[in-house]
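Student: The structure follows.
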Amino acid sequence: MDKLAPSPLDPLAAAVADRLHAQSKKQLVANVPAIAGRMAVSLLRDRTADFTQGEEGKRFVADKLVAIAPAKAALIHMLCRSIGATRIVEAGTSFGVSTIYLAAAVRDNLAERDDGGEGLVIGTEHEPAKVQRALRNLREAGVEEFVEIREGDLRETLVDLTGPIDFMLVDIWVPMALPALRLVTPHLRPGALVVCDNVVGAAKEYREYLEFVRDPDGPFTSVTVPGNGGMEISRKR
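No gaps in the numbering here: position 16 of the sequence shown is 16 in the UniProt record's numbering, and each next residue is one more.
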């Protein structure tokens, strides 16, 4: 028996997602020396290992997949299925790897509803080239019809967002994580979930975000899932 459960995706979507996960891992391995060097410089200069907070760092990752880990993606899919999420916001679409899981969950949740209904994943991405790659990947995975990617600065592209939103994935440039959540919070329904990736590995950088979602008097209750950089799962009160 395999150590991990099989992909929750249908065969077509799984094939595309698996290919992209493999490409992301290959890119990461090939760039370990360059990443380590940039992290060291960033620690000395900026006192943070997150070298992507500078312009040079952002340029470095602009053409990189940096896909969420497969096990995390599967967990996100399961969470969306468990709460019947049909309206989802994704802060940081990149090449659309995690978007495949989100869109597949929306599609499958809609299929189980008696009223049919409508559903949508609203993605956000600042890089035009990544938007085009993401749309192509979603098309190949057979889930493009359930996704709308808003290109540009999410502080502008999400201002006309309407609710209720069932689920939000935050996997974006760290300085944009809290602004993104603050924009979406008024539109989250009670019981909605928000998942933020890598909050353990980059706890210092996510300090303000974590203070917001863990505030006992705030709009969320929150739990941290450790391992592989960690994830914060927050529930709207």
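Don't be surprised by glycine CBs; every beta carbon is placed ideally from N, CA and C.
I'd like to confirm the pairing. Which residues does DSSP put opposite V223 in its beta bridges?
Tutor: Stepping through the sequence shown from its first residue, residue 223 is reached at position 223. V223 pairs with I233.
Student: Which residue comes first and which comes last in the alpha helix (DSSP H) that contains L4?
Tutor: Locating residue 4 in the sequence shown gives position 4, counting from the first residue. Premise fails: L4 is in no alpha helix (DSSP H) and is neither H nor E.
Student: Using a Cβ-Cβ cutoff of less than 8 Å, which residues in the same chain neighbour K236 once the five nearest sequence positions on both sides are dropped?
Tutor: Residue 236 sits at position 236 when you count from the first residue of the sequence shown. Here the set comprises T185, L188, R189, P190, G191, A192, L193, V194, P219, F220.
Student: Would you mind giving the Cβ-Cβ distance between S222 and E232, rounded to the nearest angstrom? I have them listed as a contact below 8 Å.
Tutor: Reading the sequence shown from its first residue, position 222 is the one you call residue 222. Reading the sequence shown from its first residue, position 232 is the one you call residue 232. About 6 Å separates the two Cβ atoms, so the contact holds.
Student: Applying the criterion that 16 or more other CB atoms from any shown protein chain within 10 Å of the CB defines a buried residue, is R133 buried or exposed?
Tutor: Working through the sequence shown from its first residue, we reach residue 133 at position 133. It counts as buried.
Student: Inspect the beta-carbon positions of E125 and T162 and report whether they are closer than 9 Å.
Tutor: Residue numbering aside, residue 125 sits at position 125 when the sequence shown is read from its first letter. Residue numbering aside, residue 162 sits at position 162 when the sequence shown is read from its first letter. Taking 9 Å as the Cβ cut-off, E125 and T162 do not qualify as a contacting pair.
Student: Going straight from the alpha carbon of C80 to that of V106, what length do you get?
Tutor: Position 80 of the sequence shown, counted from the first residue, corresponds to residue 80. Position 106 of the sequence shown, counted from the first residue, corresponds to residue 106. If you take the alpha carbons of C80 and V106, they lie about 8 Å apart.
Student: Just to confirm, is the Cβ distance from A141 to A104 under 9 Å?
Tutor: For this step, residue 141 is matched to residue 141 along the sequence shown. For this step, residue 104 is matched to residue 104 along the sequence shown. For A141 and A104, yes; Cβs fall inside 9 Å.
Student: Quick check: the region 164-175 against the region 143-151, are at least 3 beta-carbon pairs closer than 8 Å?
Tutor: Flag = no, the region 143-151 and the region 164-175 do not touch.
Student: Apart from the five residues just before and just after P179, which ones in its own chain have a Cβ nearer than 7 Å to its Cβ?
Tutor: Position 179 of the sequence shown holds residue 179. Here the set comprises R155.
Student: Assign V170 to one of three DSSP states: helix, strand, or coil.
Tutor: The residue you call residue 170 lines up with position 170 of the sequence shown. V170 falls in the strand class under three-state DSSP.
Student: Compute the distance between the beta-carbons of L102 and I88, then report whether it is under 9 Å.
Tutor: For the purposes of this step, residue 102 is identified with residue 102 of the sequence shown, where counting begins at 1. For the purposes of this step, residue 88 is identified with residue 88 of the sequence shown, where counting begins at 1. Their beta carbons are under 9 Å apart, which means L102 touches I88 by this criterion.
Student: Thinking N198 and G152 are a contact (beta carbons under 8 Å), I'd like their distance in whole angstroms, please.
Tutor: The residue labelled residue 198 in the question sits at position 198 within the sequence shown. The residue labelled residue 152 in the question sits at position 152 within the sequence shown. Not confirmed; about 24 Å, so no contact.
Student: Out of G96, L110, L9, point me to the one whose CA is closest to K130's CA.
Tutor: Residue 130 sits at position 130 when you count from the first residue of the sequence shown. Checked all of G96, L110, L9; the closest Cα to K130 is G96.
Student: Does P164 come out as helix, strand or coil in the three-state DSSP assignment?
Tutor: Counting from 1 along the sequence shown, the entry for residue 164 is found at position 164. Looking at P164 - three-state DSSP - the assignment turns out to be coil, as it is neither helix nor strand.
Student: Counting only beta-carbon separations shorter than 9 Å, does G163 have a partner in chain C?
Tutor: In the displayed structure, chain C is absent; only one protein chain is listed.
Student: Whose CA, out of M1, P11, I122, lies closest to the CA of I165?
Tutor: What you label residue 165 is simply residue 165 of the sequence shown in a count that begins at 1. Looking at the Cα atoms, I122 is the closest of the given residues.
Student: Using 8 Å as the cut-off, classify the Cβ of S94 as near or not near the heavy atoms of the ligand GDP, replying yes or no.
Tutor: No copy of the ligand GDP appears in this structure; indeed no ligand is present at all.
Student: I need the boundaries of the alpha helix (DSSP H) containing R133, first residue and last residue.
Tutor: As a working mapping, residue 133 is identified with position 133 in the sequence shown. Per DSSP, R133 belongs to the alpha helix (DSSP H) from 128-141.
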